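**Q**
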Amino acid sequence: MNLSEIKSKEIMPGYHGKMVHANTMSWVFWDVEKDAEVPEHFHIHEQIMHVVEGTFEFTLDGKTNIYHPGDVVIIPSNAPHSGKALTKCKLMDIFSPVREEYR
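Read in order, the letters of the sequence shown correspond to residues 1 to 103 in UniProt numbering.
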């Protein structure tokens, strides 16, 4: 499999993702438009977010930080979180278990 062969899906406004699914995890490669927001939410999945390019504002459990290329955030299961792309961004997310709704 090659990322160039995976069709991108707009999961929410401004968040275009290429999804890779294994038996127990999902790996998502996001292209995020500047100013695109993810409203506060939570899910059963553990999540690891990696900022590849750009500047991303992220709030986890009520604490807001600004993240840059190379930064990694671990998001525990059921932890409330939200985010906003301050610039155009490339992000990677890993979820466990699989994000079935992203298939």
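No residue lacks a Cβ here, since even glycine has one placed at the ideal position from N, Cα and C. Everything numeric in this text was worked out from a predicted model, so none of it was measured.
Please look up how many angstroms separate the CB atoms of Gly17 and Val28, rounded, as I've assumed it's under 8 Å.
**A** Indeed, because the Cβ distance is near 5 Å, the residues count as touching under 8 Å.
**Q** Given a cut-off of 8 Å, decide if Phe56 and Ala85 are closer than it, judged by their beta-carbon atoms.
**A** Against a cut-off of 8 Å, the Cβ pair of Phe56 and Ala85 comes out as a contact.
**Q** According to DSSP, is Ser96 helix, strand or coil?
**A** Ser96: strand per DSSP, three-state reduction.
**Q** Measuring CB to CB, does Val72 end up less than 8 Å from Met25?
**A** Their beta carbons are not under 8 Å apart, which means Val72 does not touch Met25 by this criterion.
**Q** Could you check where the beta strand (DSSP E) with Ser26 kicks off and where it finishes?
**A** That run of the beta strand (DSSP E) goes Ser26 to Val32.
**Q** Between Leu3 and Trp30, what straight-line distance do the alpha-carbon atoms span, to the nearest angstrom?
**A** Approximately 11 Å between the Cα atoms of the pair.
**Q** Here's the rule: buried if 16 or more other CB atoms are within 10 angstroms of the residue's CB, otherwise exposed. What is Ala36?
**A** Ala36 is buried by the Cβ-count criterion.
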